[in-house]
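In my numbering, the protein residues as written are 72 to 206. Okay, so here's the structure we're looking at.
What follows is the structure, given as structure tokens:
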């Protein structure tokens, strides 16, 4: 018997927020533990023009958040994400840990999701320039 996965998917909202939702089949839904959402305000260190917000489920993993940042910026690597302030002690290091694992709590429903600030930085991917193109 095949089980169809209903794992998180991206969907665009009119205000350019991306929300991740996970839905379970009706017989597996646990109403005593509703999904929680949080609006993350991403603050790029040293350049506020690239700040952005996304509304996500608190069960979203850090690796998924890094993918969202990569999608927002393009060819980047070595992404560092911190909660509260950009310090090593506040770094969200574990790729498969969730926001909830790091103590970030949300509220039921996307409309009343609390806002949490995450600070991040990255390195651009270095590419070699073709010498012929430089002529």
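We treat Cβ as the ideally placed atom computed from N, Cα and C, and that holds for glycine. Every value quoted in this text rests on a predicted model; they were computed, and no experiment measured them.
Report task. Determine, using beta-carbon pairs with one atom in the segment 190 to 197 and one in the segment 109 to 120, whether at least three such pairs fall under 8 Å. Result -> yes
Report task. Jot down the residue ranges of each uninterrupted alpha helix (DSSP H) in the segment 166 to 197, minimum 4 residues, whole runs only, in chain order. Result -> none
Query raised in the report: Can you give the Cα-Cα distance for residue 147 and residue 106, rounded to whole angstroms?
Result: Indexing the chain shown from 1 puts residue 147 at position 76. Indexing the chain shown from 1 puts residue 106 at position 35. If you take the alpha carbons of residue 147 and residue 106, they lie about 31 Å apart.
Query raised in the report: If you draw a straight line from the C-alpha of residue 176 to the C-alpha of residue 144, how long is it?
Result: Locating residue 176 in the chain shown gives position 105, where the first residue counts as 1. Locating residue 144 in the chain shown gives position 73, where the first residue counts as 1. In a straight line, the C-alpha of residue 176 is about 26 Å away from that of residue 144.
Query raised in the report: If you drop the 5 nearest sequence neighbours on each side, which residues of the same chain put their C-beta closer than 8 Å to that of residue 122?
Result: Taking the chain shown and counting its residues from 1, one reaches residue 122 at position 51. Exclusion of the five residues before and after residue 122 leaves 112, 113, 114, 115 as the residues of its chain whose Cβ lies within less than 8 Å of its Cβ.
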